[in-house]
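Structure first, then comments.
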Amino acid sequence: MTHQVRAVVARGKGAPVSLETIIVPDPGPGEALVKIEACGVCHTDLHYREGGINDDFPFLLGHEAAGVVESVGEGVTDVAPGDFVILNWRAVCGQCRACLRGESWYCFNTHNAKQKMTLLDGTELSPALGIGAFAEKTLVAAGQCTKVDPTASAAAAGLLGCGVMAGIGAAINTGNVGRGDSVAVIGCGGVGAAAIAGANLAGAAKVIAVDIDDRKLATAEKLGATHTVNSKDADAVEAIRELTGGFGADVVIEAVGRPETYKQAFYARDLAGTVVLVGVPTPEMKLELPLLDVFGRGGALKSSWYGDCLPSRDFPMLIDLYLQGRLDLDAFVTETIALDEVEKAFERMHHGDVLRSVVVL
Ligand SMILES: NC(=O)c1ccc[n+]([C@@H]2O[C@H](COP(=O)([O-])OP(=O)(O)OC[C@H]3O[C@@H](n4cnc5c(N)ncnc54)[C@H](O)[C@@H]3O)[C@@H](O)[C@H]2O)c1
Ligand SMILES: [Zn+2]
Ligand SMILES: [Zn+2]
1 MTHQVRAVVA RGKGAPVSLE TIIVPDPGPG EALVKIEACG VCHTDLHYRE
51 GGINDDFPFL LGHEAAGVVE SVGEGVTDVA PGDFVILNWR AVCGQCRACL
101 RGESWYCFNT HNAKQKMTLL DGTELSPALG IGAFAEKTLV AAGQCTKVDP
151 TASAAAAGLL GCGVMAGIGA AINTGNVGRG DSVAVIGCGG VGAAAIAGAN
201 LAGAAKVIAV DIDDRKLATA EKLGATHTVN SKDADAVEAI RELTGGFGAD
251 VVIEAVGRPE TYKQAFYARD LAGTVVLVGV PTPEMKLELP LLDVFGRGGA
301 LKSSWYGDCL PSRDFPMLID LYLQGRLDLD AFVTETIALD EVEKAFERMH
351 HGDVLRSVVV L
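Take 1 as the starting number for the sequence shown in the numbering used here and just add one per residue.
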C-alpha cells in the first residue's frame, strides 16, 4: 500500500519550494512510517534548496521533526505504532569502526529508509538529511525514531532533531563543559542559543554570548547568558578576555561557521582551553593561523557534528529536563506556521527575525 500526502518539495537550485502531493510507501523491513506533527525550519533546508549540499533534486525538505509512528515494517522492535518520537539523522549502525570502539556518535554508516518516496509521476525524492519531514507523513529507518515522553509539545521536541541538539551537544558533549567553567558562544542563532542553554545545564559559572544582532543577545540572556557582547561595537576577543580575568574562556563555541569568527574563538579561549566549531563553513572558506599559536596555546580544537549526540541517550534526557522546566525549548519556537509557509520562513530566517519557525501540522 502507499500513501498520498502533501509535502514541501524543492525542485531546482534556488527555485522557491512548492507544496506537492507525494507518494510514501508502507514501511518495509527495518522502516517506520511517521505521521508528522511539527517540523522546524533549519538553515540546512535552505542550503539544500540553494544546491549548497548536492544536486540530487528534487529534495523533500524538513528534518527537525516530531510525530507519531503510524506503522512499522518487519523486524522493527524498538518502536511501535502510537509511539511519540523525535526523528534523528544518526541511526547508528552498531558495526562500523566508530561503533565498534564505543564511539557511535561518530557512526560512519548511519541508516535511512531503503525505499524511496516519489512525486506522483514516479520521480524519486531525496529527503533532507534522510528525513524529509515537511510532509504529513514520512518514511524513515526505524532507528531514526527516538521515543520520548508524549506529554512534550511536538513543536519544541522536534527541534532536538537537529539545530538545538547540535548546540546543546556542542557544549555538553563536544566541549565537555563542566561546573564552574567559563564559556563563550560566538553566534547566538538557534544553534548558539542552544549552546548557551547547554552550558547552563552543565553548570558553567560564566556564559558569554557574542553576536552582531541585539535581538539575538536578548534571547541569549533569557536562556542563561551571564554577559553579552555585541561584536559590531566591541572587539569580541578583547571583550571575552576582559570578562574572564584577562585570560579567555575555558570553552569557546563557534556557532557561525566563518573563518573570522573561528579566529575570534581561537584567541578568545584561555591557554589549554577548548574551541568547538559547530557552525558549518562553506567549501571555499580557508583558515590561516600561526602554527606556533596552535602549538603554543595547547588545549583542544574540535568540531561538533550534531553535537556529538546519541539520540537514544540524549533526546529522552533533554525532554525530561524540558518537562521539569529546566530546559526552555519553547524559547526557541519564535513562530508556528503552516506547511505552505516554508518559503516565507526562509525569508524571515534570512533577515535574522527568528530563532526557529516551526511548521505545525
Ligand atoms: N554542526 C551541526 O551539526 C549543525 C547543525 C545545525 C546547524 N549548524 C550550523 O550552525 C550555524 C548556526 O546555525 P543557526 O541555525 O543558529 O543559524 P542562525 O542564522 O540562526 O544564527 C547565526 C547567528 O550568527 C550571528 N552572526 C553572523 N555573523 C556573525 C559574526 N560575524 N559575529 C557574531 N555573530 C554573527 C547572526 O546574527 C545569527 O544570530 C550554521 O552554520 C548552521 O549550518 C550546525
Ligand atoms: Zn556505526
Ligand atoms: Zn538542521
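Don't be surprised by glycine CBs; every beta carbon is placed ideally from N, CA and C.
Classify residue 200 as helix, strand or coil using the three-state DSSP reduction.
-> helix
Any heavy atom of ligand 3 closer than 7 Å to the Cβ of residue 44?
-> yes
So is the beta-carbon of residue 163 under 7 Å away from any non-hydrogen atom of ligand 5?
-> Although ligand 5 was asked about, the structure shown includes only ligand 1, ligand 2 and ligand 3 as ligands.
If we ignore side chains and look at the alpha-carbon of each, how far apart do residue 350 and residue 74 end up?
-> 43 Å
Should residue 351 be listed as close to ligand 3, given that the test is whether its C-beta is under 7 Å from any heavy atom?
-> no
According to DSSP, is residue 242 helix, strand or coil?
-> helix
Taking the CB atoms as reference points, tell me whether residue 5 and residue 343 lie closer together than 8 Å.
-> no
Pull up the CB-CB distance for residue 362 and residue 356, whole angstroms please, since I reckon it's below 8 Å.
-> The requested residue 362 is not part of the displayed model; the chain covers only 1 to 361.
Kindly indicate which three-state DSSP category residue 263 falls into: helix, strand or coil?
-> helix
Buried or exposed: which applies to residue 297, given that a residue is buried once 16 or more other Cβ atoms fall within 10 Å of its Cβ?
-> buried
Start-end ranges of the beta strand (DSSP E) lying completely within the stretch 83–136, minimum 3 residues = 84–87
Just how far apart, CA to CA, sit residue 13 and residue 58?
-> 9 Å
If I'm right that residue 171 touches residue 164 with Cβ under 8 Å, what's the distance once you round it to whole angstroms?
-> The pair is not a contact, with the Cβ atoms about 12 Å apart (cut-off 8 Å).
Hey, residue 307 and residue 173 are a contact pair by Cβ (cut 8 Å); roughly how many whole angstroms apart?
-> 6 Å
Rounded straight-line distance, which links the Cα of residue 123 to that of residue 300 = 46 Å
For residue 230, which beta-bridge partners are listed by DSSP?
-> 211
Nearest-angstrom Cα distance between residue 1 and residue 353?
-> 42 Å
Rounded to the nearest angstrom, how far is the Cβ of residue 194 from that of residue 249, given a contact under 8 Å?
-> At roughly 17 Å, the Cβ-Cβ gap does not stay under 8 Å, so residue 194 and residue 249 are not in contact.
Since residue 337 is in the beta strand (DSSP E), which residue starts that stretch and which ends it?
-> 333–337
Consider the C-beta atom of residue 216 and the heavy atoms of ligand 1; say whether any pair is separated by less than 7 Å.
-> yes
Would the beta-carbon of residue 104 be found less than 7 Å away from any heavy atom of ligand 2?
-> yes
So what does DSSP say about residue 52, is it helix, strand or coil?
-> coil
Please name the residue in 61, 48, 15 whose C-alpha comes closest to that of residue 339.
-> 61
Hey, is residue 63 close to ligand 3, as in C-beta under 7 Å from one of its heavy atoms?
-> yes
For the alpha helix (DSSP H) that residue 156 lies in, which residues bound it at each end?
-> 154–158
Measure how close the beta-carbons of residue 448 and residue 315 come, nearest whole angstrom, since I'm counting them as under 8 Å.
-> Only positions 1 to 361 of the chain appear in this structure, which leaves residue 448 out of reach.
Start and end residues, alpha helix (DSSP H) containing residue 314 = 311–323
Taking just the CA atoms, how far does residue 144 sit from residue 153?
-> 19 Å
Residue 119 versus residue 186 - alpha carbon distance = 41 Å
Given residue 125 as reference, the closest of 133, 116, 51 once Cα atoms are compared | 116
Residue range of the unbroken alpha helix (DSSP H) whose run includes residue 292 = 291–296
Can you tell me which of 66, 324, 323 puts its alpha carbon nearest to the alpha carbon of residue 162?
-> 66
N- and C-terminal bounds of the beta strand (DSSP E) containing residue 186 = 182–186
Do residue 364 and residue 219 have their C-beta atoms within less than 8 Å of each other?
-> Past the boundaries of the shown model lies residue 364; the chain is included only from 1 to 361, so the question cannot be answered.
Hey, how far is the Cα of residue 303 from the Cα of residue 101?
-> 19 Å
In the DSSP assignment, find the alpha helix (DSSP H) that holds residue 344 and state where it starts and stops.
-> 342–350
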